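Participant: Residue numbers (this note's numbering): 101 to 366. Dropping a structure here in structure tokens format, bear with me for questions.
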């Protein structure tokens, strides 16, 4: 059985419109010259002028925008066994790499491991199921964030599953790409496990979109069609009932519009 080391991990960071690497310093809480981990920066920028003078930091400039595209670029063009997806506004836990390597050395057939996030005060970023170990159903993936994900590149690539580039920030359906990615891995019988270690700190933030906004409703219906192709109508009806019970739908006209949006891309 392969034993992983820190050199087998590549930290794959999505960013935009950067001209220097100084943004890495608050992420790692140290000068760039002291960062020794393998880093792959995907810089989406029309200018494309980001460069690296460090052997352990690789830069890929891409003139096309989209977070899912950035994740896929890292997944396909990375050169290490393990890929950890990150954004450029997080703080990496001091023992994160040690925790990730230890987790994969417990079970290195896993295609995907989901870790924990804390906010900057150290409290859980979201509600986590402390008893969950192996994830087998899409419902167990709800609420996940892409910065919690570390993948075994070859295990994922051999399934053919990538992040859908019509979902996520930078698209007209700016949500749900990590949920669909993980759910489609499950459809391919890939092994997904949950780990208790906190690997990154990040404060909750909001996109400005609410449950009843058009992009969110369109995306949710589209996601139901991808993840639950045989029961998508049931899940759409179930969600409509939820919106009614919570008071988000207040009229027949609003119900009709909401239903139309939920089914517009199914």
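Quick reminder that beta carbons are idealized off the backbone N, C-alpha and C, glycines included. Bear in mind the structure is a predicted one, so any value in this text is a computation, not a measurement.
1) Which whole-angstrom value describes the C-beta separation of residue 253 and residue 178, a residue pair presumed to lie in contact below a C-beta threshold of 8 Å?
2) Using beta-carbon positions only, say whether residue 340 and residue 294 come within less than 7 Å of one another.
3) Express the C-alpha separation of residue 328 and residue 153 in angstroms, rounding to a whole number.
4) Would you be able to state if there are at least three C-beta pairs under 8 Å between the segment 314-322 and the segment 208-224?
5) Pull up the distance between the alpha-carbon of residue 163 and that of residue 187, whole angstroms please.
6) Please determine if the segment 266-281 and the segment 167-183 are in contact, where contact requires at least 3 C-beta pairs separated by less than 8 Å.
7) Runs of 3 residues minimum, wholly inside the segment 244-305: which ones carry the beta strand (DSSP E) assignment?
8) So, at 7 Å on beta carbons, what are the nonlocal neighbours of residue 332 in its own chain, with the 5 sequence-adjacent residues on each side left out?
9) Check each candidate in 275, 134, 220 and 123 and name the one with the smallest Cα separation from residue 299.
10) Spell out the partners DSSP gives residue 218 in its beta bridges.
11) Would you report the Cα separation of residue 301 and residue 161, rounded to the nearest angstrom?
12) For the segment 129-177, which segments carrying the alpha helix (DSSP H) assignment without a break, of at least 4 residues, lie completely within its bounds, in sequence order?
13) Within its chain, find whatever has a CB closer than 8 Å to the CB of residue 359; leave out the 5 residues flanking it on each side and keep chain order.
14) Helix, strand or coil for residue 108, going by three-state DSSP, please let me know.
15) Indicate the three-state DSSP secondary structure (helix, strand or coil) for residue 181 in the structure shown.
16) How about residue 285 and residue 261: do their beta carbons lie closer than 7 Å?
17) Against chain D, with Cβ distances strictly below 7 Å, would residue 113 count as a contact?
18) Whose CA, out of 245, 316 and 234, lies closest to the CA of residue 292?
19) If we call anything under 7 Å between Cβ atoms a contact, is residue 116 one with residue 144?
20) Which of helix, strand or coil does DSSP assign to residue 114?
21) I need the straight-line Cα distance from residue 345 to residue 119, nearest angstrom please.
22) Can you list, in chain order, the residues of its chain whose CB lies under 7 Å from that of residue 315, leaving out five sequence neighbours each side?
23) Whole angstroms are fine: how far does the CA of residue 204 sit from the CA of residue 210?
24) Out of 109, 190 and 349, point me to the one whose CA is closest to residue 200's CA.
Facilitator: In terms of the structure at hand:
1) Here residue 253 refers to the residue found at position 153 when the chain shown is read from its first residue. Here residue 178 refers to the residue found at position 78 when the chain shown is read from its first residue. Their Cβ separation, rounded to whole angstroms, is 6 Å, which keeps residue 253 and residue 178 in contact under 8 Å.
2) To locate residue 340, count along the chain shown from 1; it is residue 240. To locate residue 294, count along the chain shown from 1; it is residue 194. No; because the gap between Cβ atoms is not below 7 Å, this pair is not in contact.
3) Position 53 of the chain shown, counting from 1, holds the residue named residue 153. Position 228 of the chain shown, counting from 1, holds the residue named residue 328. Answer to the nearest angstrom: the Cα atoms are 46 Å apart.
4) no
5) The residue you call residue 163 lines up with position 63 of the chain shown. The residue you call residue 187 lines up with position 87 of the chain shown. Spanning the two alpha carbons is a distance of roughly 18 Å.
6) yes
7) 249-252 and 292-301
8) Within the chain shown, residue 332 is the residue found at index 232, counting from 1. Correct list, in chain order: 324, 325 and 366.
9) Position 199 of the chain shown, counted from the first residue, corresponds to residue 299. Measuring from the Cα of residue 299, the nearest candidate turns out to be 220.
10) Looking up residue 218 in the chain shown gives position 118. Answer by DSSP bridge pairing, in chain order: 224 and 301.
11) Taking the chain shown and counting its residues from 1, one reaches residue 301 at position 201. Taking the chain shown and counting its residues from 1, one reaches residue 161 at position 61. Approximately 26 Å between the Cα atoms of the pair.
12) 167-177
13) Taking the first residue of the chain shown as 1, we reach residue 359 at position 259. Same-chain partners within the cutoff: 336 and 340.
14) If you number the chain shown from 1, residue 108 lands on position 8. DSSP places residue 108 in helix when its eight states are reduced to three.
15) In the chain shown, residue 181 corresponds to position 81, counting from 1. DSSP places residue 181 in coil when its eight states are reduced to three.
16) Position 185 of the chain shown holds residue 285. Position 161 of the chain shown holds residue 261. It is a contact, given that the beta carbons lie within the stated cut-off.
17) This model lacks chain D altogether, as it is built from one protein chain only.
18) For the purposes of this step, residue 292 is taken as residue 192 along the chain shown, with counting starting at 1. Out of 245, 316 and 234, 234 has the C-alpha closest to the C-alpha of residue 292.
19) As a first step, residue 116 is located in the chain shown; it is residue number 16 there, counting from the start. As a first step, residue 144 is located in the chain shown; it is residue number 44 there, counting from the start. Yes.
20) As a first step, residue 114 must be located in the chain shown, where it is residue number 14. Reduced to three states, the DSSP call for residue 114 is strand.
21) Your numbering for residue 345 matches position 245 in the chain shown. Your numbering for residue 119 matches position 19 in the chain shown. Answer to the nearest angstrom: the Cα atoms are 49 Å apart.
22) As a first step, residue 315 is located in the chain shown; it is residue number 215 there, counting from the start. Same-chain partners within the cutoff: 272, 273, 274 and 309.
23) As a working note, residue 210 is residue 110 in the chain shown. As a working note, residue 204 is residue 104 in the chain shown. Taking the straight line from one Cα to the other gives about 7 Å.
24) Start at 1 with the first residue of the chain shown, and residue 200 comes out as number 100. Ranking 109, 190 and 349 by Cα distance to residue 200 puts 109 first.
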